[in-house]
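Read the structure below first, then the notes.
Number of protein chains: 2
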Amino acid sequence: MSFFSRKMDYALLVLSHLHNNPDGSSAREISSKFSISRPFLANIMKILCHNGYLSSHRGVHGGYALIRKPENISLSDIMDSLDETFHLTDCSKESEKQTCKARTFCPIRTGMSGVHDRIRTILKDVTLAEILDPVKTGNSLQFGLELVSHGSIK
Amino acid sequence: MSFFSRKMDYALLVLSHLHNNPDGSSAREISSKFSISRPFLANIMKILCHNGYLSSHRGVHGGYALIRKPENISLSDIMDSLDETFHLTDCSKESEKQTCKARTFCPIRTGMSGVHDRIRTILKDVTLAEILDPVKTGNSLQFGLELVSHGSIK
DNA sequence: TTGAAATGGTACAATTTCGGTCCTATTATT
DNA sequence: AATAATAGGACCGAAATTGTACCATTTCAA
Ligand code: FES
Ligand code: FES
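So the protein lines, in turn, are chains A and B.
Residue 11 in my numbering sits at position 11 of the first sequence, and the numbers go up by one each step.
Adding 1000 to a residue's 1-based position in the second sequence gives its number in my numbering.
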């Protein structure tokens, strides 16, 4: 199993490609460039459009264009839009009023919620901008720490 | 979709329960305590035993007991043992020699590998011990920071 | 010595999710 | 009018997940 579904992966490809092509692009173009099934990709782009990431233009020279700023799009946002909201376990989803009978005496509930939060923090922090250009943005913290710990900053 | 499968969740419950019951316990006991299907749980315990987490003892008063130290069991370890090794996307699994045609010009490959590493780091760092007692171990950093930021440390 | 309670191993069935398709309508350009 | 695109669905097949069944083996105790 992969953490990100194909849908998610393709959505990221679409958003990235459209960022690199500010004049927009069609589902056909993108699907052929990345060798992805056209109708499947089209479905995803519809969703992205519907959720305000893309503008759409019908007709012969139509297509989609990115309208939200990459810095304002977190991985968490995209997952939510795709109806793939992050949950660590079945027990951690609040929908469907908790049926877990162990809830009151579960030995791992508290600990797991810590892990849940840590991963969710990453998903909320990492933006499309960071995916597109890992050095400039978020990861700089990691690099910075590494440099310090290696004594490379004079 | 949940990040952790039921198998994984149940495995954690088993390991935790056995840690709290050093004299051991049977699949029957645990399945009834947590209202989990007995045969399914038994399968998981077999795997855990086979991978060196548990010792088994057959016969009337048999059962399983935890033999690895909780501090030495990371979430990543358990996932591997359960054949659920973590991968961020299909593209990030090295098995089945990469078939992704976009690999050479993929706009998100580098950025994604950063995210992959961050999550994997968490999975490798968090141990069963931390799940069992979140305050004592790993999360203390978080709590510490929070206290500081709230000015509670005099 | 016999039976019950446990694990060991493996194969199988049911269910759900995922990945992908298809069809029709609408809009815009030429 | 023809073509190329999106819009919005319903739909389907395959694979993974989840759970079951069966039978063998070991151990203990009555
Ligand atoms: S297993 Fe449901 S709360 Fe822990
Ligand atoms: S999608 Fe395959 S390497 Fe990026």
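Note that CB positions come from ideal geometry on N, CA and C, so glycine has one too.
As the structure is a computational prediction, the values presented were derived from the model and not from experiment.
query	result
For Thr89 of chain A and Ser1002 of chain B, the rounded distance between their alpha carbons	5 Å
Whole-angstrom distance between Asn20 of chain A and Asn1043 of chain B, CA atom to CA atom	49 Å
The alpha helix (DSSP H) enclosing Ser55 of chain A, as first and last residue numbers	Counting along the chain, Ser55 of chain A falls outside any alpha helix (DSSP H), though it belongs to the beta strand (DSSP E) covering 54–57.
Where Met1 of chain A meets chain B, residues with beta-carbon distance less than 7 Å	Glu1084
N-terminal and C-terminal residue of the beta strand (DSSP E) that Ala102 of chain A is part of	Element bounds for Ala102 of chain A: n/a, residue is neither H nor E.
8 Å CB neighbourhood of Arg103 of chain A in its chain, flanking five on each side removed	Cys91, Arg109
The segment 1045–1064 of chain B in contact with the segment 1113–1120 of chain B per 3-pair CB rule at 8 Å	no
C-beta contact flag for Leu48 of chain A and Leu123 of chain A at 8 Å	no
Glu1130 of chain B burial status per 10 Å Cβ neighbour count (16 or more: buried)	buried
Partner residues on chain B for Asn20 of chain A, Cβ-Cβ distance less than 8 Å	Pro1107
Short CB-CB distance (under 8 Å) between Pro1156 of chain B and chain A	What the structure shows of chain B is the stretch from 1001 to 1154, and residue 1156 of chain B is not part of that stretch, so it cannot be assessed.
Interface residues of chain A facing Asp1090 of chain B [CB-CB closer than 8 Å]	Ser2, Arg6, Asp9
Contact test: Ala1065 of chain B Cβ vs ligand 2 heavy atom, cutoff 7 Å	no
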